[in-house]
Amino acid sequence: MAEITMTEALNKAIDEAMAADDGVFCLGEDVSAKQGGGVFKVTSGLTEKYGEHRIRATPISETAIIGAAVGAALAGQRPIAEIMLMNFVGVCMDQIVNHAAKLRFMSGGQTPCPIVIRTTTGVGVGFGGQHSDMLEAWFAHVAGMHVVTPSNAADARGLMRSAIEANDPVVFIENILCYGLKAEDPGVDYRVPLGKAAVPKEGSDISLITYGRTVLDALEVAGELEKEGISVEVVDLRTIAPYDEETVLASVRKTGRALTLHEAVRPFGTGAELAANIQEKCWDSLKGPVRRIGGTFAAVPFATHLEQAWIPTKGEIVEQIKASVGKD
Amino acid sequence: MAEITMTEALNKAIDEAMAADDGVFCLGEDVSAKQGGGVFKVTSGLTEKYGEHRIRATPISETAIIGAAVGAALAGQRPIAEIMLMNFVGVCMDQIVNHAAKLRFMSGGQTPCPIVIRTTTGVGVGFGGQHSDMLEAWFAHVAGMHVVTPSNAADARGLMRSAIEANDPVVFIENILCYGLKAEDPGVDYRVPLGKAAVPKEGSDISLITYGRTVLDALEVAGELEKEGISVEVVDLRTIAPYDEETVLASVRKTGRALTLHEAVRPFGTGAELAANIQEKCWDSLKGPVRRIGGTFAAVPFATHLEQAWIPTKGEIVEQIKASVGKD
Amino acid sequence: MSEIDREKLLDIYTRTMKVNRTDEKFRELLMQGKVAVMYYCVRGQELVSAAAMAALEPDDYVVCTYRGQGEQTAKGIPMEKWWGECLGKATGTCKGKGGTMHITDPETGIMVTTGVVGSGLPIANGLAMASQNNGDGKVTLVSFGDGAANIGGFHEAMNMAQLYKLPVVFLCQNNRYGEHTAFADHTDSPNIGERAAGYGMKGVTVDGNDVNAIYPAMADAVDHARSGKGPVLVEAMCYRMMGHFFGSDFSYMPAEHLAEMQAEDPLPKLRKVMLERQFTEEELDAVVAQIDADIDAAVQHALDAPLPDTNEIYKDVLEETA
Amino acid sequence: MSEIDREKLLDIYTRTMKVNRTDEKFRELLMQGKVAVMYYCVRGQELVSAAAMAALEPDDYVVCTYRGQGEQTAKGIPMEKWWGECLGKATGTCKGKGGTMHITDPETGIMVTTGVVGSGLPIANGLAMASQNNGDGKVTLVSFGDGAANIGGFHEAMNMAQLYKLPVVFLCQNNRYGEHTAFADHTDSPNIGERAAGYGMKGVTVDGNDVNAIYPAMADAVDHARSGKGPVLVEAMCYRMMGHFFGSDFSYMPAEHLAEMQAEDPLPKLRKVMLERQFTEEELDAVVAQIDADIDAAVQHALDAPLPDTNEIYKDVLEETA
Ligand SMILES: Cc1ncc(C[n+]2csc(CCOP(=O)(O)OP(=O)(O)O)c2C)c(N)n1
Ligand SMILES: Cc1ncc(C[n+]2csc(CCOP(=O)(O)OP(=O)(O)O)c2C)c(N)n1
Ligand SMILES: [Mg+2]
Ligand SMILES: [Mg+2]
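Protein chains in written order, with this note's numbering: chain A, 2 to 329; chain B, 2 to 329; chain C, 292 to 613; chain D, 292 to 613.
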């Protein structure tokens, strides 16, 4: 079967969902044909097929973008709202958290809010302090929504389709550096269920739990360490919250060791919840403390070498794994 | 010495700071004399002393409020900005996180941003889903700022004074239910340093780590359990982030057991970071897994008995402590 | 401008009194301590809400605020469900989980009641966007206050609604205060209605205490929106005749303001118009008597209703996919 | 309106060419692959920035955006420090930690360069509030784009500035596009300048390609703000003659727009004015030659400068309280 990039995978999933359901529509800055189908081209070609009403280029008004998505969802539609870069959620958290995530509960179940909030981010592109943050922990701490991020093109296609079909808000995080990743096209109507992690590499010595771009680093490191006789199991959460506790705990009970890894800053990051829960639920199987790796606790710096020093490195991963399994 | 309420304590601290430094000023909704000195009266009497320019009643424009505080701080002043209720940070996270917290770093140290963001919140008042959340975990996950909350009137006075004098942004959380709490007035120029926890009750069996209103529950439970022969040490963080790791770890190394407690929802809450860090740094002294208690993972419900069921209860604290120390 | 026909006028009067009597009853219950919840009085704004709801079709959408009793009852939420929610009962519109600040009743078009100032406007755009997308011909009306006109969401929503020509009516109930802050202390422009021009939008400022001004303005705005001509901003001048919420002090309101307010009370004015239009005292009293009877029954029903099951705190968080 | 005196005119010309030659040099370096960073071209907007900075005093405050090269160099940031920052060097204004989107240089009044659209306006209010509080007589100028005029922060900042009569000048550089979106596709009002009226604020829309229109307007706005009369919104009509950032495609710009844009290029127009005002070709060429020499030296200095120490990622997070 043909290969597709993550960008194409997202585009196909949205295209199929729009073809299957008239209620699905996209809104966001620069998303329509007139603007070239989105600055990352994820919505290219869709205006031509579905018209300006279903691919709405918006003003630079994130509060109005998310608010409109919320309202349309209450009226029974399935909006896909784009927040160009994740840091900009800072101007519209109220609509996402106080409204989208809570309206099902506050209405006693009368008004579910099925919206997908697509956003991109990532360290390593030279965008600096206000355009690179991974803020998934904020949303994971909010009841009433799903937080999802794909690490490969196939999952991107399957997760996007499931996100659009979900009957609750989904924050869908796309890592800028992953748009070009290629994979076998999983084909039409492929779905990856929300809340299900993947285990792209099995292992017996330690569970390396991560998601998004860092899954690539995890797999590379796991491959290298295999040669040194250290067997690393890599767990790709895919859905960051609510996450697949069953798969995570089963993996740690098997390996007896765990390391969490994410690009977001370490303190109070998602790795903390994973570590806290693992040590509580797997206490008897743990051979040592759960370790965590995350980005440097500072804004993302501009200079390339500083930015690279800021990001969790493969060296750091190797070091933590060896310290955990007691080899060096 | 005379007793003061937390409201009076905050008012005195701000008053003293304004008297000591012309650069200190307050801005927020309804804060000036014309409006009665703030809906919770924390700024009452100050307009009369310092004038409308230093007690600025603002429009309902949180982005403009925090933005103005940031700008004034860059110009060398020390603004105290009020966000009436914590959920409303949802409309101004960008100014707090992308600007206030990052400008020192992004400017290479040229523009520190000494602002205090006062806000109130709390479950148990019947305010419902959009007016009760504790969102400290969001800020704790952001580099470049302090997150503070007092559990008693004396600390309120000392922490507020230190927060105003700090040379970085401080999110200062006031719990609605604590405004009326009384304490011995610690007196003029009293300060509680940021980043220093308190141990209001020592104990030997387990460390109960908490902050804000739930410190009261913790102390009550600790008192009751003392009678049953369980010795609980209560740690009041006071500064939630960056927190006093030394005091926390020392306590757990002594007791060998830890339970974290906060009103905020449990998943991905601050208790997760505490638990993760404790299990990593105190692994050898731990007699069992670190346990966590937090609010129910749902929006705060309206009906009184639902709201009470939502909050962490004393019963739950007792249960977790007994399970941890292995008695029941 | 042709006069309002008698039938419509009676409809408006009935809705107005329903709002007013509900408000009076709520304050009575709070005063007596029979109920202890947050309640945002609507005394002085009854006519604005009634006229606005009377201008809508039953299936049109409404988004309102914590001070939404007027829109909610005038749009027609069954009283038992409304009181049930306000009292936190299982019989409430939201099973007691939303409460006074978050009444939702899609059956009568009350889609969202938000407690966050200004957050309703962007959501109203979305409801209208859905109508524009699927051509259902509905109009969405969103009510908010003068203070809300200064928050970012107002601006973004106004611009977007006009850009897409969405079928939305933005109703700004200018009751002269935002919590404790007087209009002149939060806004330096003479009014809010003129802000519409900055978006290329139609905007009007009308007397919300005069039925012959507010109703035609609302009807006109709704027609404009429904006909596809785009959104309209209607600023209804009125007064908040009580504190911000029940029991809150309003010593900050100057005496002149209070006097001016009393003189402009919409209820005696409306009663006068009704009599001029040949409705008899008896007819009007009968309307109110019926409303009072209905309210008493609804309140009793709510007081007697069961509390929601404690398990409700775990329900309606995410779709239950069992 | 009296004509601009020759000295000021030469000052504006010099600043304009400094902005333009810096822009040309940056694109040259990027084209040659000598530098690989995000850069937001200012071709077409040089005069607006230059006129605005020429209207300010040296110690006045400026807040700008990622597209702030014009304000930054025209306000006078030492070129070596500016290039150092853009190239991520230790010699940069921010030690290479801020970068092209976050140039800060308090010594020359460049207080914040934000990458978040519209976020500079509320911050500008704060700088002006400090000036109002301590009476230092400074004016704060904040520059932003047409697209930024539709975000909430614009609205909140405009209303607050007018309410307090803050000494702020809001400069909207309407270059007809917000990223890939044309003005008419994000705004339905004829212009942004008229929005000022909705806040009771003074507002003007001027031709940013004509020095005799833009400079007097800026000088007037700065005077107004400094004299305590309150803020002013100046909308400068101009064109973004390149893609959104260097290298980004701009196929979405219609041919007519590109043609119209070329015809309005501010540089030939300014040169014409200079000659009319009796400046000689030689004089003007000499100015540019000097600028080019200075830029070349600054670029070389920056290229040769050391990288920031890797430990910088741990510094300037919080005040070091050792
Ligand atoms: C974003 C936000 N800021 C502040 C508040 C607190 N608050 C609740 S109501 C209110 C006043 C609103 O005034 P207005 O919009 O005029 O409506 P009114 O209460 O007069 O009906 C304020 C400040 C809020 N709910 N949301
Ligand atoms: C809040 C926010 N939303 C979106 C973006 C992405 N973005 C960066 S520049 C830009 C266009 C801004 O247009 P305009 O305000 O006209 O300024 P110009 O680039 O034309 O100078 C956008 C949408 C952003 N930086 N911030
Ligand atoms: Mg009001
Ligand atoms: Mg532009």
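Built from N, CA and C at the ideal position, the CB exists for glycine as well. Every value quoted in this text rests on a predicted model; they were computed, and no experiment measured them.
Can residue i and residue j be called in contact, C-beta distance under 9 Å?
i        : j        : result
D:Leu347 : D:Val502 : no
B:Gln36  : B:Ala58  : yes
B:Gly316 : B:Lys288 : no
C:Arg297 : C:Gln569 : yes
B:Thr122 : B:Ile207 : no
C:Val407 : A:His132 : no
A:Gly1   : C:Asp607 : Residue 1 of chain A is absent from the model: chain A starts at 2 and stops at 329.
B:Lys42  : B:Met19  : no
D:Leu598 : A:His306 : yes
C:Tyr357 : C:Val578 : no
D:Arg334 : D:Met532 : yes
D:Leu418 : B:Ala76  : yes
A:Leu209 : A:Ser163 : no
B:Glu166 : B:Val148 : no
B:Val193 : B:Ala155 : yes
D:Gly359 : D:Ser422 : no
C:Pro365 : C:Ser340 : Checking the sequence, you will find Ala at residue 365 of chain C rather than Pro. Yes.
Name, please, each residue of chain A whose Cβ falls closer than 8 Å to the Cβ of residue i.
i        : result
C:Thr478 : Result: empty, since nearest Cβ-Cβ is about 20 Å, beyond 8 Å.
D:Ser434 : The premise fails here: D:Ser434 is roughly 16 Å from chain A at the closest Cβ pair, so nothing lies under 8 Å.
B:Lys103 : Gly130, Gln131, Ala300
At a CB-CB cut-off below 8 Å, which residues of chain C make contact with residue i?
i        : result
A:Asn168 : Glu610
A:Pro113 : Glu610
For a contact meaning CB atoms closer than 9 Å, what does residue i contact in chain D?
i        : result
C:Phe445 : Gly443, His446
C:Ala488 : Ser480, Glu485, Arg486, Ala488, Gly489
B:Arg79  : Those do not exist, as B:Arg79 stays about 10 Å from chain D at its closest Cβ, beyond 9 Å.
Can you grab the Cα-Cα spacing for the pair residue i / residue j, in whole Å?
i        : j        : result
A:Val172 : B:Ala141 : 21 Å
A:Cys283 : A:Cys114 : 35 Å
B:Leu47  : C:Ala589 : 47 Å
C:Asp583 : C:Ala554 : 26 Å
D:Leu609 : D:Leu412 : 25 Å
B:Cys179 : B:Asp22  : 28 Å
B:Met7   : B:Lys183 : 6 Å
C:Tyr330 : C:Thr391 : 7 Å
B:Met146 : B:Leu160 : 15 Å
A:Ser325 : D:Leu462 : 57 Å
Starting from the beta carbon of residue i, find every residue of chain D whose beta carbon is closer than 8 Å, and list them in chain order.
i       : result
A:Ser62 : Asn441, Ile442, Gly443
Can you pull the chain B neighbours of residue i, defined as C-beta to C-beta under 7 Å?
i        : result
C:Glu470 : Glu30, Asp31, Val40
Could you tell me which residues DSSP puts in a beta bridge with residue i?
i        : result
D:Gln336 : In DSSP, D:Gln336 forms no bridge with anything.
B:Glu175 : B:Thr121
B:Lys323 : Bridge partners of B:Lys323: none, in fact.
D:Gln464 : D:Gly436, D:Ala527
What does residue i touch in chain B if you count any residue whose Cβ is under 8 Å from its own?
i        : result
C:Ser542 : Gly37
Chain C partners of residue i, CB-CB under 9 Å?
i       : result
B:Phe89 : Val407, Val408
Which chain A residues sit within Cβ distance under 7 Å of residue i?
i        : result
D:Ile604 : Thr297, Ala299, Pro302, Leu307, Ala310, Trp311
Quick one: which chain D residues come within Cβ less than 7 Å of residue i?
i        : result
A:Gly127 : Val328, Met329
Run down chain C in chain order and give the residues with a C-beta less than 7 Å from the C-beta of residue i.
i        : result
A:Phe106 : Lys388, Asp607, Val608
Take every Cβ of the segment 266 to 274 of chain A, pair it with every Cβ of the segment 183 to 201 of chain A, and state whether three or more of those distances are shorter than 8 Å.
no
Tell me, please, whether the segment 438 to 445 of chain C touches the segment 531 to 545 of chain C by the rule of three or more beta-carbon pairs shorter than 8 Å.
no
Using a Cβ distance threshold of 8 Å, determine whether the segment 384 to 402 of chain D contacts the segment 487 to 504 of chain D, with at least three qualifying pairs required.
no
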